[in-house]
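Step one of this worksheet: look at the structure below.
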Amino acid sequence: MTEITSRRGLLFGAAAVSAGALLTGCTSNEPSESEDEPAGNDQPAADDKPGKQVTIGFAGPQADHGWLNAINDNAKSRAEKYSDVTLEITEGSNDTAQQIGQIETLINKKVDVLVVLPADGKALTQVGLKAMRAGIPVVNLDRIFNTPQAYRCWIGGDNYGMGLNAGHYIGEKLKGKSGARVIELAGLDNLELTKQRTQGFDDALKNYPNIKKVARQAAEFTVESGQAKMAQLLQAQSKFDALWNHDDDQGVGALRAIEQAGRDDFLMVGGAGALSAFQAIKQDDGVLKATVLYPPTMAASAIDLARALGQSKGIGGLAEFEIPSSLTLYSAVVDKTNVDRYMSTGFK
Amino acid sequence: MTQPVSPPRDSTAKVPEARPPAWRGLAARADVRTLSLLGVLAALIVVGGITKPDEFLDTRNLQLVLTQASVVGVVTVGMTFVIVSGGIDLSVGAIVALASVWATTVATQEYGFAGILFTAIVVGVGCGLVNGVLIAYGSMVPFIATLAMLASARGLALQITDGKTQIVTVPSVLDLGERDAYVLGVPPLVMVFAVVTVIGWLVLNRTTFGRRTVAVGGNPEAARLAGIDVRRQRLYLYLLSGLCCGIAAFLLIVLSGSGQNTNGNLYELDAIAAAIIGGTLLTGGRGTITGSVLGVLIFFTITNIFALNNLQSDVQQIAKGAIIVAAVLVQRRTASTT
Amino acid sequence: MAPEPPLLSMSGITKSFPGVRALDGVDLDVQAGEVHCLLGQNGAGKSTLIKVLAGAHQPDTGSIRWHGEEVTLRSPIAAMRLGIATIYQELDLVEHLSVAENVHLGHEPTAAGFIVRGKTASASTAALLKRLGHAEIDPARLVGDLSAAQQQIVSMARALSHDVRLIVMDEPSAALDPDEVDNLFRIVGDLTAAGVAVVYISHRLEEIRRIGDRVTVLKDGRAVAHGLPAKSTPTREVVALMTGRNVEYVFPDRPLSPPPGEPVLTVRGLSRQGEFEPLDLEVRPGEIVGLAGLVGSGRSEILETVYGARKPTAGQVLVDGRALRPGSVRAAVRAGLGLAPEERKAQALLMLESVTRNVSVSSMSRFSRGGWIDRGAELGAARAATRELSLRPDNPSVPVRTLSGGNQQKAVLARWLLRGCKVLLLDEPTRGVDVGARAELYAVIRRLADEGLAVLLVSSEVPEVLGLADRVLVLREGRVVHTAPARELDEHRVLDLVMEGSPA
């Protein structure tokens, strides 16, 4: 019996080795098409002429999500555009303690400016304060610190505005339709930004008395959860007119569920600005008609701001001598009419 | 099947003659456990039917619940074997993630349907092999070995995807998740789940492999002294769990039409919880596939009812926790009376 | 003179578990300073009774009086506060804590209410150990590193660390060799002289004769005799009370001449560093060879090494002249060896499973094709094997844990009978088996030998080895000091050999 099983084992081993050889080839993820540049808007925010050398420290969370990955790419490629910028980028981490340690290392290295996208804004406030006290200006990216004392400049997206603009877009599309029904596929419910997006959406819909939000389920920003929750929503609501999905990544799953249910009797608006969403909007052969931006290009802008701070310049095109203390980005609605302009900023 | 039982003649038999013999009580208790799970499921169906008669009591909804349950369901079958053998596999979710992203890379997708299926299963089995070798021959504690696998498989999955969503473009794979692929109203995913369940049940209850699994879990030293190769059995069990993860990864690819490193999030907890609710002892030696699968179905029915009634995820999570606690309390009560 | 109320008086205690009435109106009186022995077969209710006394179980009805006052023992702590301590058979020590920590577990000497004063604990533990005659146990050692006998002492030290008035000992001598038993009896004597009452549970009647004052006999959850004088009640009467019938404590006849034939089991120069020295032995079909020796003489280790469960330092085990792969249980089982280990529950039985599955576990390939089990054939074979051994109840579908000790042992024997093994290795085959069932088990073993099985038997009970075996090897400290046909030896001689190492 042993003999047989061990021979079987041997066969299995051989199969495993050959399978391994094949599999190793299969991890390759380079598409045959050429790698395209992530950062879209090439207009430099600050003076483009080379100035004083600036070392920028960049610390972000682990890039386990398309949008966060795009943040890193945007920062890196933007920094490479400037001959006078050196970027010190840390290994991304979702662990607060680890990220604090990484930022403290950057402080000790005496970088000129810090760009920080905290894993948790509140928890990293102290280390932001520490950098500011050490004379290192901090550009706080997206997830905001507890106190303005912890940053020189905050730049980030507008979650409330996302919901607001999505609501207004849907409201205009359904104008004149009485008894219109709308559903919402929210993101991870234990994040504050999800609540803000929902609040904005609800506030916008108040302007349209003909529209009623009939259902809301929260997914988890993942394809898998998007599919699962959307499938349930479709079963629960046999008829509705519009869907707002907070996030294009989970939207991949949501679209899959819609396809599986064979539904096409409503319009869908996405969120964030993924490349796949832009492509679908451009093709215009499905339910997805628009997406509301939460642009990862903000990381490129943050590098611009950091460079300008390091070189003591202001923003071109404004009368101010100084860089503003906060910049809230506009959550533009991308639909078929303007999608080409944004195509290059789409993330995977 | 059994002959009439002669009255206990042994002076130590303590059961009064009027009562049924102890073994029948035990069998009845096992049935009671399955019946109580069925009762819970029936109660849920009543709740669903009352609150949302049109949406809940609908063929499409049945198809939906079973389809959604099939991915975790397949993982749970493998997990049940591992737990019955006295082990634990914390890496199932991570293995599903790794297998699903490895099977959906641009390079793999060039090999089409077969390439994706093959890769998902080989990656699953390969991870199971590593777990099994570390545990059976490296004498590592299952908790630690599979925890390490959890971390590394998730890491590798992230490295492969670079955080990006890998969209499947192979039509034959995608078609399998569409309504057109249903056979007599049964989605292919549900068929796979059913087949895995039936095979799992047969293997655990009717084969020497199943007996060895129970023996190793019930009393590893006795199994060894009875001439069972305990280590090899352990290796096979983690291979089996890995295989189930590979199958589940393929189902998930079909279901979601993509591979993502966040796939399979917390499957380990769902699978362990379902097995425990189904009456599998965490210490090993006892467990049923029927119970585990009922546990999975209960979970997904609850999720479904909550979603149909538009209740939010916080409430869903609280209910899930409460059900786990209740099930374990019932189980302990049953155990203390035996 | 008005009679002093007894220290403890339990009356009309009943306790039911689902399907079982474990205690059915039991009375028990214990006087201060006496050794009160509790006798009864397995399942008679002894364990339940002492758990009620320890506060671990609550009785359904009945009353407990302590110094004549009615008390309720709501929890083990409540019992301990009154001064009732229990030393369970399966020791409840924490292996990863030190001796001192175990002794003071739950009532650590503390400063400021929470800081453990290790020095105080250690000193008081040392004093207790000295009082118990075991000053050599270091209070700082981990309990897991101690021998079974030493652990027993620690358990006793823990009981004595409280202000104890009554101490319950559940088979305290089971894990001890004669020296240790003497020491135990000395301790019991000291305790009773100080007015402490001892409730003593044992299977060994001779121990009860030596130290007991009075005996209460339990049978089927009832006390069938109260307060019998321990020294003068005839054995026959006690056995009759326990079993409800008169049982001769007899060994089966052995064949007149040694069985002919080549040895089926041959052991050549087998040794294990630090456990036993090179050993040679042969067992022929139909022969029972016994290994006699004290705890620590290497008996069990020899058996387990022959079986491949331990890897030998040197030497060979041959079955039918073919050498087995050393240290491989599977090789041994395939060659036809079977082991009935000392710790049946821990080492042999799948307690959650039925008798059938316990019996068939080593021969599954016989009822399976391609891994698929033919359950009808399995049940039939298990039934045949268990019937052959008159296992009770005659229903192999019952869970094995519901069986008595003797019948559990029969289930283990049935496993090897079914497998068709040639050599049976028996390690303490009657441990935990009550008196009534022993003779039957002896007869079964002899019958198996008569049918051609070779049996290698290990027992700490010398009369058992002498009564059952054809040939006896006497072991002392891992070395064979004497080999002789059993009929040429008597208990006295064997004890001399194991104590002195030379024939007196």
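Chains as they are written, first to last, in my numbering: chain A, 80 to 427; chain B, 29 to 366; chain C, 2 to 505.
No residue lacks a Cβ here, since even glycine has one placed at the ideal position from N, Cα and C.
As the structure is a prediction and not an experimental result, all values here were calculated from the model.
Can the beta-carbon of residue i be found less than 7 Å from the beta-carbon of residue j?
i: valine 120 of chain B; j: cysteine 273 of chain B; result: yes
i: tyrosine 239 of chain A; j: glycine 279 of chain A; result: yes
i: alanine 231 of chain C; j: aspartate 214 of chain C; result: yes
i: arginine 222 of chain A; j: isoleucine 382 of chain A; result: no
i: glutamine 194 of chain B; j: serine 284 of chain B; result: no
i: leucine 118 of chain B; j: glutamate 296 of chain B; result: yes
i: asparagine 184 of chain C; j: valine 144 of chain C; result: no
i: leucine 232 of chain B; j: serine 98 of chain B; result: no
i: alanine 210 of chain A; j: valine 371 of chain A; result: no
i: alanine 438 of chain C; j: glycine 291 of chain C; result: no
i: threonine 175 of chain A; j: alanine 198 of chain A; result: yes
i: alanine 552 of chain C; j: alanine 80 of chain C; result: The requested residue 552 of chain C is not part of the displayed model; chain C covers only 2 to 505.
So for residue i, helix, strand or coil by DSSP?
i: asparagine 244 of chain A; result: helix
i: threonine 357 of chain C; result: helix
i: histidine 483 of chain C; result: strand
i: threonine 407 of chain A; result: strand
i: lysine 368 of chain A; result: strand
i: aspartate 428 of chain C; result: strand
i: histidine 493 of chain C; result: helix
i: leucine 279 of chain B; result: helix
i: lysine 131 of chain C; result: helix
i: methionine 11 of chain C; result: strand
i: glycine 205 of chain B; result: coil
i: glutamate 66 of chain A; result: One cannot answer for residue 66 of chain A here, as it falls past the ends of chain A, which runs 80 to 427.
i: glutamate 462 of chain C; result: coil
i: methionine 352 of chain C; result: coil
State buried or exposed for residue i, treating a residue as buried only when at least 16 other CB atoms are found within 10 Å of its CB.
i: glycine 145 of chain A; result: buried
i: asparagine 324 of chain A; result: buried
i: arginine 326 of chain C; result: exposed
i: alanine 142 of chain B; result: exposed
i: lysine 189 of chain A; result: exposed
i: phenylalanine 252 of chain C; result: buried
i: valine 418 of chain A; result: buried
Who are the neighbours of residue i on chain C, taking C-beta pairs under 9 Å?
i: threonine 236 of chain B; result: Met365, Ser366, Phe368, Ser369, Gly372, Trp373, Ile374
i: glycine 115 of chain B; result: Per Cβ cutoff of 9 Å: no residues; glycine 115 of chain B is ~17 Å from chain C at best.
List the whole-angstrom C-beta distance separating residue i from residue j, where the pair is believed to meet the contact cut-off of C-beta under 8 Å.
i: valine 366 of chain A; j: isoleucine 394 of chain A; result: That belief does not hold up - the Cβ atoms of valine 366 of chain A and isoleucine 394 of chain A are roughly 40 Å apart, past 8 Å.
i: arginine 273 of chain C; j: threonine 306 of chain C; result: 6 Å
i: glycine 316 of chain C; j: proline 286 of chain C; result: Contact flag wrong, Cβ pair sits at about 22 Å.
i: alanine 302 of chain B; j: glycine 323 of chain B; result: 3 Å
i: valine 463 of chain C; j: glutamate 492 of chain C; result: 5 Å
i: valine 547 of chain C; j: leucine 24 of chain C; result: With chain C covering 2 to 505 only, the question about residue 547 of chain C has no answer from this structure.
i: asparagine 426 of chain A; j: leucine 354 of chain A; result: The sequence given here places phenylalanine at residue 426 of chain A; asparagine does not occur at that position. About 6 Å separates the two Cβ atoms, so the contact holds.
Could you work out which residues of chain A lie near residue i, taking near to mean beta carbons separated by less than 7 Å?
i: aspartate 342 of chain B; result: Asp268
i: serine 284 of chain B; result: Val302, Glu303, Gln306, Gly332, Arg335
i: glutamate 296 of chain B; result: The premise fails here: glutamate 296 of chain B is roughly 15 Å from chain A at the closest Cβ pair, so nothing lies under 7 Å.
So which residues on chain B does residue i lean against when the C-beta distance must stay under 9 Å?
i: valine 72 of chain C; result: Within 9 Å Cβ-Cβ: nothing; valine 72 of chain C doesn't reach chain B, min ~25 Å.
i: arginine 416 of chain C; result: Ala254
i: glutamate 271 of chain A; result: The premise fails here: glutamate 271 of chain A is roughly 14 Å from chain B at the closest Cβ pair, so nothing lies under 9 Å.
Using a Cβ cut-off of 7 Å (strictly closer), state whether residue i contacts chain E.
i: threonine 290 of chain B; result: Protein chains in the displayed structure are A, B and C, and chain E is not among them.
Can you list the residues of chain B that residue i reaches, using a CB-CB cut of under 7 Å?
i: aspartate 328 of chain A; result: Thr193
i: glycine 341 of chain A; result: Arg207
i: alanine 355 of chain A; result: The amino acid at residue 355 of chain A is misidentified as alanine; the sequence shows serine. The answer, in chain order, is Ile195.
i: valine 334 of chain C; result: Gly255
i: glutamine 348 of chain C; result: Glu249, Ala250, Leu253
Which bits of chain A does residue i rub up against, with CB to CB less than 8 Å?
i: threonine 318 of chain B; result: Residues of chain A passing the Cβ test: none, with the nearest at roughly 24 Å.
Mind listing the chain B neighbours of residue i? Cutoff is C-beta to C-beta under 8 Å, in chain order.
i: glycine 145 of chain A; result: Gly191, Lys192, Thr193
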